[in-house]
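Note sheet for the following structure.
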Amino acid sequence: MAAPKKRYLEGLRVGDELPTLVKPAIDRVQIARYAGAANDFNPMHVDELAARAAGMPSVYAHALMPMGFMGQFLTDWLKGGRMTRLAVRFVKLVWPGDVLACKGRVLARRCDEQGRYYVDVDLWAENQRGELVLKGHATGQLFFSAEDEARQRRGEPPLIVDVSEQGELPRTIKGRPITVKPAAAARTSVAKRPAAAPPRKAASDKRPARRAKTSRATIRPATRGSKK
Amino acid sequence: MLDRRLIGKSPAPVVCEVEKGAIRSFAKALGDDNPLHHDEEAARAAGYSGLLAPPTFASTLTTGLDPLAALDIGARSVLVAEQSFEHHRPLCAGDKLLVSSRIVDIYERLGPGGSLDVAVVEDEGRDERGGLVYRARRTFIVRPPSPSAQVAQPASS
Chain A
1 MAAPKKRYLE GLRVGDELPT LVKPAIDRVQ IARYAGAAND FNPMHVDELA
51 ARAAGMPSVY AHALMPMGFM GQFLTDWLKG GRMTRLAVRF VKLVWPGDVL
101 ACKGRVLARR CDEQGRYYVD VDLWAENQRG ELVLKGHATG QLFFSAEDEA
151 RQRRGEPPLI VDVSEQGELP RTIKGRPITV KPAAAARTSV AKRPAAAPPR
201 KAASDKRPAR RAKTSRATIR PATRGSKK
Chain G
1001 MLDRRLIGKS PAPVVCEVEK GAIRSFAKAL GDDNPLHHDE EAARAAGYSG
1051 LLAPPTFAST LTTGLDPLAA LDIGARSVLV AEQSFEHHRP LCAGDKLLVS
1101 SRIVDIYERL GPGGSLDVAV VEDEGRDERG GLVYRARRTF IVRPPSPSAQ
1151 VAQPASS
């Protein structure tokens, strides 16, 4: 298998869906293994009799197990990037036999004053009945492009690109707009995009157009209410 | 209502060393085969000082450092409702952290079966120079002894 391609911010668009990660069915052995690894032996997770005595139909998974799946999901997806924040709300308990699907969607792209790029992602997990068991969001830090990474590895300053114009959340730094990019540099790197990149990117060979912005803006409201 | 005077309560911090074996078993328990958590060469090649801990690994460091033990919950059970991690730098095998845990809020919330007590705990890990490595926040709900209707049914397996 070839070395995995890295994920760069330039290849991401607000509204992009992350490829779903479906985890194998959870069983009691995995719960026990997790109890050992996390050193959390709460009887509700490892002692069937105690769980039933407490009114539960069976033992259930530690809440942090599905959250750990989310960590795996994001770390895999960020290839070369780094997760800086992961926050979730636990909606339903997770039981032996449950098959969880981890899903996500790009919510925003950001750049800070130091030229560090971040992607914010909406996350949720569903069980095999389509019920929401967990939801939240995460932030990953990544380079803008391979060129940005190469520059920084050479000790040069990062590329500064106004990423807000392609997204839908206008950002300002201390009240003033984010520095405008050296457009030529950013456009050069467009040509170096990996072939495997999603087709949507063809549109950004031209300057990020306003129509792209509106079409993306229509993606998001639909995501919020309708959990498939 | 839980005793709000416990806000700020914090057990003595503990020193934790992040062990590579612990990272591997944690990743294995999650079924996570990312080489960054298993293969030291892969982790170093990616720029990490050692095996990279999975994002939720820090939760294992606070075991035995439970400020909630101070709460008088009687026969009620505690469920974690929310959890977050903020990583200020990557957590890697070999890191030695000073880990602390503190109750930062206690309040009452109206739930389906009456009022529920909520307790919020903040954990943090600092490196040997005092630099913040991670901060975690856990929100717990203290439920009445009988299981409430919101508990889901188990899978038919």
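Those protein sequences? They're chains A and G, same order as listed.
Quick note: the first sequence uses the numbering used here, first residue 1, plus one each step.
Quick note: the second sequence uses the numbering used here, first residue 1001, plus one each step.
Quick reminder that beta carbons are idealized off the backbone N, C-alpha and C, glycines included.
Name the two residues that bound the continuous beta strand (DSSP E) containing residue i.
{"i": "ALA54/A", "result": "Element bounds for ALA54/A: n/a, residue is neither H nor E."}
{"i": "MET83/A", "result": "82-90"}
{"i": "GLN152/A", "result": "Careful: GLN152/A lies outside any beta strand (DSSP E), inside the alpha helix (DSSP H) at 146-153."}
{"i": "GLN141/A", "result": "132-142"}
{"i": "GLU1108/G", "result": "1096-1111"}
{"i": "LEU1036/G", "result": "Counting along the chain, LEU1036/G falls outside any beta strand (DSSP E), though it belongs to the alpha helix (DSSP H) covering 1035-1038."}
{"i": "VAL161/A", "result": "VAL161/A -> no beta strand (DSSP E), and no H or E assigned at all."}
{"i": "VAL14/A", "result": "Counting along the chain, VAL14/A falls outside any beta strand (DSSP E), and DSSP gives it neither H nor E."}
{"i": "ALA1058/G", "result": "That residue, ALA1058/G, is in no beta strand (DSSP E); it is neither H nor E in DSSP."}
{"i": "VAL94/A", "result": "Careful: VAL94/A lies outside any beta strand (DSSP E) and carries neither H nor E."}
{"i": "ILE1092/G", "result": "Per the sequence presented here, residue 1092/G reads as Cys, with Ile not at that position. Where CYS1092/G is concerned, there is no enclosing beta strand (DSSP E), given that its DSSP letter is neither H nor E."}
For residue i, which residues of its own chain have a beta-carbon under 7 angstroms away from its beta-carbon, when the five flanking residues on both sides are left out?
{"i": "ARG1089/G", "result": "VAL1133"}
{"i": "ILE173/A", "result": "Confidence in ILE173/A is poor, its pLDDT being 41 and thus under 50, which makes the residue's placement unreliable; the coordinate value appears in the next sentence. GLU113, listed in sequence order."}
{"i": "ALA197/A", "result": "Residue placement at ALA197/A is flagged as unreliable, the pLDDT there being 40, under the threshold of 50; the coordinate-derived value follows with that caveat. These residues qualify, in order along the chain: GLY11."}
{"i": "GLN128/A", "result": "ASP98, VAL99"}
{"i": "ALA1163/G", "result": "This structure does not reach residue 1163/G, given that chain G is present from 1001 up to 1157, and the question cannot be answered."}
{"i": "LYS135/A", "result": "VAL88, ARG89, VAL91, LEU123, TRP124"}
{"i": "VAL133/A", "result": "PRO66, VAL91, LYS92, VAL94, LEU100, ALA125, GLU126, ASN127"}
{"i": "LEU1065/G", "result": "PRO1011, VAL1014, VAL1099, SER1101"}
{"i": "GLY81/A", "result": "ARG7, GLY140, GLN141, LEU142"}
{"i": "GLU1019/G", "result": "ALA1093"}
Measure the Cβ-Cβ separation of residue i and residue j and say whether it is below 7 angstroms.
{"i": "ARG1126/G", "j": "SER1084/G", "result": "no"}
{"i": "ALA51/A", "j": "VAL99/A", "result": "no"}
{"i": "LYS6/A", "j": "LYS79/A", "result": "yes"}
{"i": "VAL1015/G", "j": "LEU1079/G", "result": "no"}
{"i": "ALA101/A", "j": "GLU131/A", "result": "no"}
{"i": "LEU123/A", "j": "ALA108/A", "result": "no"}
{"i": "VAL106/A", "j": "VAL91/A", "result": "no"}
{"i": "GLU1122/G", "j": "ARG1109/G", "result": "no"}
{"i": "GLY97/A", "j": "ILE160/A", "result": "no"}
{"i": "HIS1037/G", "j": "ALA1045/G", "result": "no"}
{"i": "GLY68/A", "j": "THR1056/G", "result": "yes"}
{"i": "GLU1017/G", "j": "LYS1096/G", "result": "yes"}
Need the endpoints of the alpha helix (DSSP H) that residue i sits in, please.
{"i": "GLY1028/G", "result": "Residue identity check: residue 1028/G is Lys in the sequence provided, not Gly. Segment 1020-1030, the alpha helix (DSSP H) holding LYS1028/G."}
{"i": "LEU34/A", "result": "Just to set this straight, residue 34/A is Tyr in the shown sequence, not Leu. Counting along the chain, the alpha helix (DSSP H) containing TYR34/A begins and ends at 28-38."}
{"i": "ASP47/A", "result": "Neither: ASP47/A is in no alpha helix (DSSP H) and is coded neither H nor E."}
{"i": "GLY71/A", "result": "64-77"}
Grab me the residues of residue i's own chain with a C-beta within less than 6 angstroms of its C-beta, minus the 5 sequence neighbours each way, in chain order.
{"i": "MET65/A", "result": "TYR34"}
{"i": "ILE1106/G", "result": "LEU1002, ARG1004, ILE1007, ALA1119"}
{"i": "THR1139/G", "result": "ALA1081, GLU1082, VAL1120"}
{"i": "THR84/A", "result": "THR139, GLN141"}
{"i": "PRO1035/G", "result": "ALA1042"}
{"i": "ILE1023/G", "result": "HIS1037, LEU1051, ALA1053, ALA1093"}
{"i": "TYR118/A", "result": "ARG110, THR139, GLN141"}
{"i": "ASP16/A", "result": "VAL106"}
With DSSP as the reference, identify every bridge partner of residue i, one or two as the case may be.
{"i": "GLN1083/G", "result": "VAL88/A, ARG1138/G"}
{"i": "LEU250/A", "result": "Because chain A in this structure spans residues 1 to 228, residue 250/A falls outside the shown range and cannot be described."}
{"i": "LEU21/A", "result": "CYS102/A"}
{"i": "ARG1126/G", "result": "LEU1098/G, LEU1132/G"}
{"i": "TYR117/A", "result": "CYS111/A, LEU142/A"}
{"i": "GLU1041/G", "result": "Partner(s): none; GLU1041/G has no beta bridge."}
{"i": "ASP1117/G", "result": "GLU1108/G, VAL1142/G"}
{"i": "SER1010/G", "result": "For SER1010/G, which the question treats as bridged, DSSP gives no partner whatsoever."}
{"i": "LEU123/A", "result": "GLY104/A, GLY136/A"}
{"i": "LEU1052/G", "result": "CYS1092/G"}
Going along the chain, which residues of its own chain have a beta-carbon closer than 8 angstroms to the beta-carbon of residue i, five neighbours each way excluded?
{"i": "ASP1032/G", "result": "PRO1054"}
{"i": "ALA38/A", "result": "HIS62, LEU64"}
{"i": "GLY71/A", "result": "MET83, LEU86"}
{"i": "GLY175/A", "result": "For GLY175/A, the predicted structure reports a pLDDT of 42, less than 50, and the residue's modelled location is therefore unreliable. A value from the coordinates is still provided. Closer than 8 angstroms at the Cβ level, and outside the excluded window around GLY175/A, lies no residue."}
{"i": "PHE73/A", "result": "LEU18, LEU21, CYS102, GLY104, LEU123"}
{"i": "LYS1009/G", "result": "PRO1067, ALA1070, ARG1102, ILE1103"}
{"i": "THR75/A", "result": "MET83"}
{"i": "GLN152/A", "result": "PHE143, PRO158"}
{"i": "ASP1072/G", "result": "LEU1002, ASP1003"}
With 7 angstroms as the threshold, decide whether the Cβ of residue i is near any Cβ in chain C.
{"i": "LEU1091/G", "result": "Although the question refers to chain C, the structure presented lacks it and instead comprises the protein chains A and G."}
Using only the heavy atoms of the ligand SAM, determine whether one of them is closer than 6 angstroms to the beta carbon of residue i.
{"i": "VAL14/A", "result": "The ligand SAM is absent from the structure shown, which contains no ligand whatsoever."}
* Asked: Relative to chain A, which residues along the segment 1052-1086 of chain G have a C-beta separation below 9 angstroms, given in chain order?
  -> Cβ contacts with chain A come from LEU1052, PRO1054, PRO1055, THR1056, PHE1057, SER1059, THR1060, THR1063, GLY1064, SER1077, LEU1079, VAL1080, ALA1081, GLU1082, GLN1083, SER1084, PHE1085, GLU1086.
* Taking a cut of 7 angstroms between CB atoms, which residues from the segment 1083-1112 of chain G lie near chain A? -> Per Cβ criterion, the list reads GLN1083, SER1084, PHE1085, GLU1086, HIS1087, PRO1090.
* Pull out every residue of the segment 85-119 of chain A whose Cβ sits closer than 7 angstroms to any Cβ of chain G, in chain order. => Listed by position along the chain: ARG85, LEU86, ALA87, VAL88, ARG89, PHE90, LYS92, LEU93, TRP95, PRO96, GLY97, ASP98.
* **Contacting positions in the segment 4-38 of chain A - beta carbon closer than 8 angstroms to chain G** => Residues of the segment 4-38 of chain A with a C-beta less than 8 angstroms from any C-beta of chain G: LYS23, PRO24, ALA25, GLN30, ARG33, TYR34, GLY36, ALA37, ALA38, listed in chain order.
* **Chain-ordered residues of the segment 63-81 of chain A with a beta carbon less than 9 angstroms from chain G** => Residues ALA63, LEU64, MET65, MET67, GLY68, PHE69, MET70, GLY71, GLN72, LEU74, THR75, ASP76, GLY80.
* With 7 angstroms as the C-beta to C-beta threshold (strictly closer), list the residues of the segment 1130-1143 of chain G near chain A in chain order. => For the segment 1130-1143 of chain G, the beta-carbon criterion of a distance under 7 angstroms to any beta-carbon of chain A is satisfied by none of its residues.
* To do: Taking only beta carbons into account, state which residues of the segment 121-134 of chain A come closer than 9 angstroms to chain G, listed in chain order.
  => The residues in question are ASN127, GLN128, ARG129, GLU131, VAL133.
* Any residues in the segment 41-64 of chain A with a beta carbon nearer than 8 angstroms to a beta carbon of chain G? Which ones, in chain order? -> The residues in question are MET44, ALA54, GLY55, MET56, PRO57, SER58, TYR60, ALA63, LEU64.
* Asked: Which residues, taken in chain order from the segment 1031-1047 of chain G, show a beta carbon closer than 8 angstroms to some beta carbon of chain A?
  -> When CB distances to chain A are screened at a threshold of 8 angstroms, the residues of the segment 1031-1047 of chain G falling below it are GLY1031, ASP1032, ASN1034, LEU1036, ALA1046, in chain order.
* Using a beta-carbon distance cut-off of less than 8 angstroms, what residues from the segment 1012-1026 of chain G approach chain A? -> So the list reads ALA1022, SER1025, PHE1026, given in the order they occur along the chain.
* To do: Compile a chain-ordered list of the residues in the segment 1111-1126 of chain G whose CB is closer than 8 angstroms to at least one CB of chain A.
  => Against chain A - using a Cβ distance shorter than 8 angstroms - the segment 1111-1126 of chain G contributes no residues.
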